[in-house]
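> Numbering (the UniProt record's numbering), first residue to last: 1 to 82.
Structure provided below as structure tokens; questions to follow.
Next comes the structure, spelled out in structure tokens:
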């Protein structure tokens, strides 16, 4: 799955502070509003950086990935797991 919407979403997160704020307040809503599909939402929800990068393609390997607060393990964004 190569996802241009996922690429556009992460690029926008790197450039738009109001989107970052919205994403941290309501990650699901921000992703749905950006047009991400169920597979893409699942990758971000699970914080699957490898899967996200695979979906985005190698040409976007340097894109900063902003993850939603919390996660399936309850960790906050930016907090190391374990």
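Where a beta carbon is used, it is the ideal one built from N, C-alpha and C, also for glycine.
Kindly list the residues whose CB is nearer than 7 Å to the CB of residue 53, restricted to its own chain and excluding five residues on each side of it in sequence; keep chain order.
The answer, listed in chain order, is 61.
> Using a Cβ-Cβ cutoff of less than 8 Å, which residues in the same chain neighbour residue 5 once the five nearest sequence positions on both sides are dropped?
The answer, listed in chain order, is 34, 35, 36, 37, 40.
> In angstroms with no decimal places, state the Cα-to-Cα distance between residue 65 and residue 10.
Roughly 6 Å separates the two Cα atoms.
> Let me know the secondary structure DSSP gives residue 19 once reduced to three states.
In the structure shown, residue 19 sits in a helix (DSSP, three-state: H, G or I).
> Is residue 64 helix, strand or coil by DSSP?
Three-state DSSP puts residue 64 in coil, outside helix and strand.
> Starting from residue 29, trace the alpha helix (DSSP H) both ways and give me its first and last residue.
It spans 27-33 - the alpha helix (DSSP H) in which residue 29 sits, taken as one unbroken run.
> Under three-state DSSP, which class holds residue 57?
Coil.
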